[in-house]
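Visitor: The structure that follows is given in the form of structure tokens.
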Amino acid sequence: MTTASTGQHQYACSSCGAALEFKPGTSSMVCPYCGATVAITASTDSTKHDYVAYANAPHPPVETLPAFTVSCRNCGSSQTTTAIAGRCQSCRGAIVVTDDLGGQLKAPDGVVPFAIDDKRAAGCFKDWASSRWFAPNAFKKVGTAESMRGGYLPHWSFDDKTTTDYTGERGEHYYTTETYTENGQTHTRQVQHTAWYPASGRVQREFVDVLAPGVTVPDRDTLDDLGPWSTAGATGYESEYLAGYDVPRYSVMADAGFVDAKQEMARVIEDDCRADIGGDEQRVESMTTADANLLFRLLLLPLWFATYVFAGATYHVYVNANTGKVIGDRPYSKVKIAFAVLVGLLVAGAIAYVYVRSRSSGG
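In this note's numbering, the protein residues as written are 1 to 363.
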């Protein structure tokens with residue numbers, strides 16, 4: 001291993017000198033050329049920190065922090081980047097940055113391991129492509145992406161013990177008998193009503209690892225669709241896990257992440273309030289929540305991503321490296337869509353024809 005003065009790591013194979021890379025599904029680095037492996041020694045748990053103490057300390061906005069300048073040990077080329085891990089632009093050697101800019105940049109606390117390797121990720125992509133309705137036949141025959149790459153996405157994780165005082169109303173159903181006339185005959189029926197009563201109380205909930213994205217790309221909707229990731233197997237942070245993978249610097253600060261996480265918690269707390277109110281229906285009018293034992297950590301969550309070109313257009317696909325779930329862009333076949341519309345019109349026309357003929361015969 002060589003450590004440059006810029007705060008970076010590159011891991012050299014002791015057998016052939018090539019750059020070692022982390023191997024998904026293991027706790028080892030492997031040489032992509034000679035196959036030699038080196039075990040990674042890491043703690044089983046990642047560190048959690050006091051969020052209140054961190055939030056009360058000054059932190060410069062991450063967008064104001066300088067980029068890194070890294071030099072490749074293999075080919076000697078230099079590049080400027082804000083990523084904390086990636087590859088040399090010249091020789092593709094793996095580089096991991098360990099510089100926290102004098103404490104201004106929050107270092108990762110843990111890594112969620114890959115459960116899906118690149119071959120399984122390519123298989124997931126193939127299955128996803130094959131199941132797309134109205135996709136061109138040629139697209140469905142794409143077996144692997146032209147560029148399947150692995151990476152980690154920074155996410156803020158929060159633990160919180162909440163106590164919530166709420167006010168609202170409990171709705172209880174009751175029924176009355178109603179008389180009505182239909183076709184000259186008198187009938188009765190039961191009509192439901194709701195009586196509302198004031199309700200208030202206190203609920204408590206302990207949250208563990210509520211995640212909030214630390215990046216804005218991919219966007220939040222894509223990440224929500226791609227998730228969830230399980231944090232149960234998170235290990236302590238070791239830079240070796242990043243060797244050979246793309247890892248962006250977080251772009252969302254921890255305080256913004258906490259606001260995001262609190263919104264997720266609020267949805268769960270409101271359900272708790274409704275359960276506490278009871279009755280047949282509930283209205284929650286106010287919730288006042290106090291936080292206690294707030295802890296946080298910066299986790300790196302694994303994914304595979306692919307960029308492929310089809311019919312001159314570029315598409316992006318993401319594979320959750322915990323679950324194999326695939327989210328992405330896909331092309332549409334105008335011919336297939338037009339054919340489906342034509343078939344629909346023909347079916348509708350046939351139904352209308354049969355209906356008219358049956359009415360004519362009956363008349």
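Idealized CB from N, CA, C, for every residue including glycine. On a predicted model such as this, the values are computed, not experimentally measured, just so you know.
1. What is the rounded straight-line gap between the Cα of residue 112 and the Cα of residue 39?
2. Just the Cα atoms here: how many angstroms apart are residue 259 and residue 160?
3. When you compare each of 310, 108, 120 to residue 48 by their alpha carbons, which one comes out closest?
4. Give a yes or no on contact between the region 57–77 and the region 170–178, applying the rule of three or more CB pairs nearer than 8 Å.
5. Using only the alpha-carbon positions, how far apart do residue 222 and residue 327 sit?
6. One question on the structure: do residue 299 and residue 46 come within less than 8 Å of each other, judged by their Cβ atoms?
7. Does DSSP put residue 253 in a helix, in a strand, or in coil?
8. Is residue 335 helix, strand or coil when you go by DSSP?
9. Where does residue 15 sit, in a helix, a strand or coil, going by DSSP?
10. With distances taken from CA atoms, which of 27, 35, 57 is nearest residue 255?
11. What does the Cβ neighbour count give for residue 9, buried or exposed, with the cut at 16 atoms within 10 Å?
12. Three-state secondary structure (DSSP) at residue 104?
13. Kindly identify the DSSP beta-bridge partner or partners of residue 21.
14. Determine the burial state of residue 14: buried for a count of at least 16 other Cβ atoms within 10 Å of its Cβ, exposed for fewer.
15. Once you ignore the five residues that flank residue 204 on each side, which residues in its own chain have a CB closer than 6 Å to its CB?
16. Given that a residue counts as buried once 16 or more other Cβ atoms are within 10 Å of its Cβ, and exposed if not, what is residue 267?
17. Just to confirm my understanding: we take residue 303, look at its own chain, exclude 5 residues before and 5 after, and list those with CB closer than 8 Å. What are they?
18. Given a cut-off of 8 Å on the beta-carbon distance, is the pair residue 21 and residue 243 in contact?
19. Between residue 37 and residue 30, how many whole angstroms is the CB-CB distance? I'm expecting something under 8 Å.
20. Could you check where the alpha helix (DSSP H) with residue 51 kicks off and where it finishes?
21. Who pairs with residue 226 in a beta bridge, going by DSSP?
22. Note down the Cα distance separating residue 218 from residue 156, rounded to an integer number of angstroms.
23. Quick check: the Cα distance between residue 284 and residue 201, rounded to an integer number of angstroms?
Guide: Looking at the atomic coordinates:
1. 17 Å
2. 13 Å
3. 108
4. no
5. 7 Å
6. yes
7. coil
8. At residue 335 the pLDDT is 42, less than 50, meaning the model places this residue with poor confidence; the figure from the coordinates comes in the next sentence. Helix at residue 335.
9. DSSP, reduced to helix, strand and coil, places residue 15 outside both helices and strands of the structure shown, so it counts as coil.
10. 57
11. With 16 or more other Cβ atoms from the protein chains shown falling within 10 Å of its own Cβ, residue 9 counts as buried.
12. coil
13. Beta-bridge pairing by DSSP links residue 21 to 30.
14. exposed
15. 163
16. exposed
17. 150, 151, 152, 153, 226, 318, 319, 320, 321
18. Yes. Within cutoff.
19. 5 Å
20. First-last of the alpha helix (DSSP H) with residue 51: 51–56.
21. In DSSP, residue 226 forms no bridge with anything.
22. 15 Å
23. 11 Å
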